[in-house]
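Trainee: Got a structure here, written out as structure tokens. Questions coming.
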Amino acid sequence: MAWPSKWVVLTGALTATIGAGLQALAGGPRLLQAIAEDNIIPYLSFFARKWRGEPVRCLCFTFAIAELGILIAFLDYVAPIVTMFFLMCYGFINFAVTLQSLLNTPHWRPSFKYYHWSLTLFGTALCITVMFICNWTYAIFAIILATCLHQYIGYKGAEKEWGDGITGLSMTVALYALSRIRGELKHIKNWRPQVLVLLKVDKAVMEKEEFEGPDRDLVNFAGCLKLGKGLVMFGTCLKGELEEHVGMKHQFKAYYARCLEKMGVHGFIEVIAHSNVSDGLSCMIQSAGLGALRPNTVLIGWPHDWVERKSEISFRVFLDEEDNTVQIKKDLQTYLYQLRIEGKVQVVEMAAVDVSAYVYEHTLKMQERSRILNNMAKFNKAGWASRKKVGEFDVHDVFEKARCSLPDVSVRQTQGTSIDQREAYSQLMLNSWEQDIRHVHTAVRMNAAMKAWSANSPLVIVNLPCVPSTQKGQERYMNFLEILSAGLERVVLVRGTGGEVITIYN
Numbered sequence: 103m104a105w106p107s108k109w110v111v112l113t114g115a116l117t118a119t120i121g122a123g124l125q126a127l128a129g130g131p132r133l134l135q136a137i138a139e140d141n142i143i144p145y146l147s148f149f150a151r152k153w154r155g156e157p158v159r160c161l162c163f164t165f166a167i168a169e170l171g172i173l174i175a176f177l178d179y180v181a182p183i184v185t186m187f188f189l190m191c192y193g194f195i196n197f198a199v200t201l202q203s204l205l206n207t208p209h210w211r212p213s214f215k216y217y218h219w220s221l222t223l224f225g226t227a228l229c230i231t232v233m234f235i236c237n238w239t240y241a242i243f244a245i246i247l248a249t250c251l252h253q254y255i256g257y258k259g260a261e262k263e264w265g266d267g268i269t270g271l272s273m274t275v276a277l278y279a280l281s282r283i284r285g286e287l288k289h290i291k292n293w294r295p296q297v298l299v300l301l302k303v304d305k306a307v308m309e310k311e312e313f314e315g316p317d318r319d320l321v322n323f324a325g326c327l328k329l330g331k332g333l334v335m336f337g338t339c340l341k342g343e344l345e346e347h348v349g350m351k352h353q354f355k356a357y358y359a360r361c362l363e364k365m366g367v368h369g370f371i372e373v374i375a376h377s378n379v380s381d382g383l384s385c386m387i388q389s390a391g392l393g394a395l396r397p398n399t400v401l402i403g404w405p406h407d408w409v410e411r412k413s414e415i416s417f418r419v420f421l422d423e424e425d426n427t428v429q430i431k432k433d434l435q436t437y438l439y440q441l442r443i444e445g446k447v448q449v450v451e452m453a454a455v456d457v458s459a460y461v462y463e464h465t466l467k468m469q470e471r472s473r474i475l476n477n478m479a480k481f482n483k484a485g486w487a488s489r490k491k492v493g494e495f496d497v498h499d500v501f502e503k504a505r506c507s508l509p510d511v512s513v514r515q516t517q518g519t520s521i522d523q524r525e526a527y528s529q530l531m532l533n534s535w536e537q538d539i540r541h542v543h544t545a546v547r548m549n550a551a552m553k554a555w556s557a558n559s560p561l562v563i564v565n566l567p568c569v570p571s572t573q574k575g576q577e578r579y580m581n582f583l584e585i586l587s588a589g590l591e592r593v594v595l596v597r598g599t600g601g602e603v604i605t606i607y608n
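Here you go:
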């Protein structure tokens with residue numbers, strides 16, 4: 103129905119069509135040229151070039167699309183397609199404005215006095231609703247097309263100066279979640295293993311872009327534990343000052359990122375520099391993570407070179423021809439291995455006629471010396487016992503016999519080492535030695551039991567004993583673990599803090 107005349111409606115429709123056409127003709131080619139120039143979609147790079155400052159190629163492409171719509175010559179076919187594109191454009195504009203408002207970015211300052219993010223969110227919902235009202239088939243197709251374009255742009259890794267709103271939204275959500283979880287987790291049911299994997303620095307394999315040796319096994323093991331879920335951090339320490347390794351840190355980070363991507367393992371990478379590697383790794387263990395997302399599990403490889411390498415010791419044993427030299431040599435090698443002594447055992451067979459008289463004489467002298475030393479030890483013990491209560495004694499007679507001219511000297515007995523103290527110390531050393539022997543026997547028996555039950559197992563999981571505090575105890579501790587895991591293919595030593603298990607008391 104037209105009033106007062108049909109020419110009013112026709113004139114208005116013609117004017118609106120010409121205005122919209124001119125607007126699309128002026129803005130469409132420039133928008134296409136800007137998208138192509140930013141190289142967001144590589145296939146559109148053909149339209150990035152200009153001629154005398156005008157996007158001629160984009161203008162021709164826009165003309166072809168418009169001519170195609172005219173050649174269809176049926177408005178009911180063209181209108182839904184054009185409507186979907188316009189509604190998608192306006193809907194994404196409203197959604198982008200809503201996203202910028204929620205992120206509260208510094209560069210976003212809307213000038214409208216009564217603006218609120220809910221208005222643009224309502225506009226986005228309204229655009230989507232109108233799309234489904236017009237034609238739900240075209241609406242679904244338009245949404246799928248827009249989603250594919252977004253995923254393709256993300257896959258190609260388009261990074262421009264205007265940034266990515268979805269990444270900013272993820273950052274905001276992560277910060278909000280971290281602020282909600284302060285300190286440690288309150289309940290044990292929310293405990294999750296958050297692994298920190300300590301890797302070695304190997305500059306020789308940086309060009310290969312893949313881990314080698316124990317590091318590769320550690321990364322694979324960590325990937326199997328988490329399967330790409332949860333928090334996994336990979337850290338290492340460069341020896342030296344920070345000023346000397348600033349560039350090296352970035353190189354190692356990029357190297358680790360490529361290696362992890364190649365192995366299909368997800369995780370965060372941290373590289374620090376310190377003059378002492380042990381102190382640097384200690385700092386990393388204590389300070390890694392943020393808030394509740396801190397590593398609670400440390401995964402390290404076994405230090406095979408923890409024993410200081412020295413010159414090889416040679417053990418030469420002289421035996422009679424009638425002795426079982428093969429078994430004795432084997433027993434000696436086993437004993438040296440259990441004591442962690444690097445040495446070479448050489449067994450020499452000698453007949454009785456080959457032993458010279460000098461050897462017998464030397465042996466008799468050694469026996470005589472042993473007897474004299476035993477007698478001296480008994481004499482010293484009796485002498486110390488008889489002098490335990492002496493307070494002062496004069497040494498002038500000693501000086502006179504020694505023909506020394508010295509002034510008067512009075513020597514007072516100090517708090518020296520008495521016989522009781524020596525006996526206590528000897529007993530303490532004996533107890534320590536017996537304790538070491540018991541630990542070695544325990545490790546040997548446990549190792550034999552594991553070999554009996556799990557000799558062919560690809561992985562053996564054993565409880566990790568508590569680490570002693572003294573250096574001597576740590577050496578014995580490492581020896582114990584070496585004997586415990588000897589002869590097994592793969593061994594994982596695990597120790598918990600006591601708070602990872604749900605019990606009736608938690």
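One gets my numbering by counting positions in the sequence shown from 1 and adding 102 to each. Using N, Cα and C, we set each Cβ at its ideal position, and we do this for glycine too.
State yes or no: is the C-beta of Thr-226 within less than 8 Å of the C-beta of Thr-200?
Mentor: yes
Trainee: Would you call the region 375–386 and the region 326–346 touching, i.e. three or more CB-CB distances under 8 Å?
Mentor: Note that the region 375–386 touches the region 326–346; at least 3 beta-carbon pairs, one per stretch, sit closer than 8 Å.
Trainee: Sort out for me which residues DSSP pairs Gly-337 with in a bridge.
Mentor: Leu-300, Glu-372
Trainee: Need the endpoints of the alpha helix (DSSP H) that Thr-222 sits in, please.
Mentor: For Thr-222, the enclosing alpha helix (DSSP H) covers residues 219–236.
Trainee: With distances taken between CB atoms, is the gap from Val-297 to Ala-324 smaller than 8 Å?
Mentor: yes
Trainee: Given 8 Å as the limit, is there contact between the region 166–178 and the region 212–223, that is, 3 or more CB pairs closer than that?
Mentor: no
Trainee: Following the continuous beta strand (DSSP E) through Leu-73, name the residue where it begins and the one where it ends.
Mentor: The requested residue 73 is not part of the displayed model; the chain covers only 103 to 608.
Trainee: Start and end of the beta strand (DSSP E) containing Val-682?
Mentor: Outside the shown range of the chain (103 to 608) lies residue 682, about which nothing can therefore be said.
Trainee: Quick check: the region 239–256 against the region 116–130, are at least 3 beta-carbon pairs closer than 8 Å?
Mentor: Counting Cβ pairs under 8 Å, fewer than three are found: no touch.
Trainee: Check whether the Cβ atoms of Val-321 and Val-303 lie closer than 8 Å to each other.
Mentor: no
Trainee: So the candidates are Thr-338, Pro-316, Arg-282, Thr-269; which of them puts its Cα closest to the Cα of Val-404?
Mentor: With the sequence shown as reference, residue 404 is identified as Trp, and Val is not the correct amino acid for it. For the set Thr-338, Pro-316, Arg-282, Thr-269, the Cα lying nearest the Cα of Trp-404 is the one of Pro-316.
Trainee: Reducing DSSP to helix, strand and coil, say where Trp-153 ends up.
Mentor: In this structure, DSSP gives Trp-153 an extended state, which the three-state scheme calls strand.
Trainee: Could you check how far apart the C-beta atoms of Val-564 and Leu-586 are, in whole angstroms? I think they sit under 8 Å.
Mentor: 7 Å
Trainee: Flag this pair as yes or no: are the beta carbons of Gln-135 and Ala-122 separated by less than 8 Å?
Mentor: no
Trainee: Identify which residue in Thr-572, Gly-589, Pro-567 has its Cα closest to the Cα of Thr-599.
Mentor: Closest option to Thr-599, Cα to Cα, is Pro-567.
Trainee: Run through DSSP, which three-state label would Glu-577 get?
Mentor: Reduced to three states, the DSSP call for Glu-577 is helix.
Trainee: Only counting the same chain, and skipping five residues up and downstream in sequence, which positions put a Cβ closer than 6 Å to that of Trp-210?
Mentor: Gln-202, listed in sequence order.
Trainee: What residue from Tyr-217, Phe-176, Pro-182 has the CA that sits closest to Asn-196's CA?
Mentor: Tyr-217
Trainee: Among residues of its own chain, excluding the 5 on either side of Arg-597, which ones have a beta-carbon nearer than 6 Å to its beta-carbon?
Mentor: Leu-566
Trainee: Tell me which residue opens and which closes the alpha helix (DSSP H) that Leu-173 is part of.
Mentor: 158–174 is the extent of the alpha helix (DSSP H) around Leu-173.
Trainee: Name the DSSP beta bridge partners of Leu-595, please?
Mentor: Val-564
Trainee: At what residues does the alpha helix (DSSP H) containing Val-111 begin and finish?
Mentor: 108–139
Trainee: Name the one or two DSSP bridge partners that Val-400 has.
Mentor: Leu-298
Trainee: Can you tell me which of the three DSSP states Trp-210 falls into?
Mentor: In the three-state DSSP reduction, Trp-210 falls in the coil class, being neither helix nor strand.
Trainee: Output needed for Ile-283: all residues of its chain with C-beta closer than 8 Å, excluding positions within five of it in sequence on either side, in chain order.
Mentor: Gly-393, Ala-394
Trainee: Measuring alpha carbon to alpha carbon, tell me which residue in Thr-231, Ser-556, His-541 is nearest Arg-578.
Mentor: His-541
Trainee: For chain C, is any of its Cβ atoms less than 8 Å away from the one on Ala-150?
Mentor: Checking the listed chains, one finds no chain C in this structure; it contains a single protein chain.
Trainee: Assuming Asp-178 is part of the alpha helix (DSSP H), what are its boundary residues?
Mentor: Here the alpha helix (DSSP H) through Asp-178 covers 177–205.
Trainee: Taking 8 Å as the cut-off, decide whether the C-beta atoms of Phe-336 and Leu-301 are in contact.
Mentor: Result yes, Cβ atoms of Phe-336 and Leu-301 sit closer than 8 Å.
Trainee: So what does DSSP say about Tyr-216, is it helix, strand or coil?
Mentor: coil
Trainee: Judging by CA-CA distance, which residue of Arg-318, Lys-364, Pro-295, Ser-389 is the nearest neighbour of Asn-398?
Mentor: Pro-295
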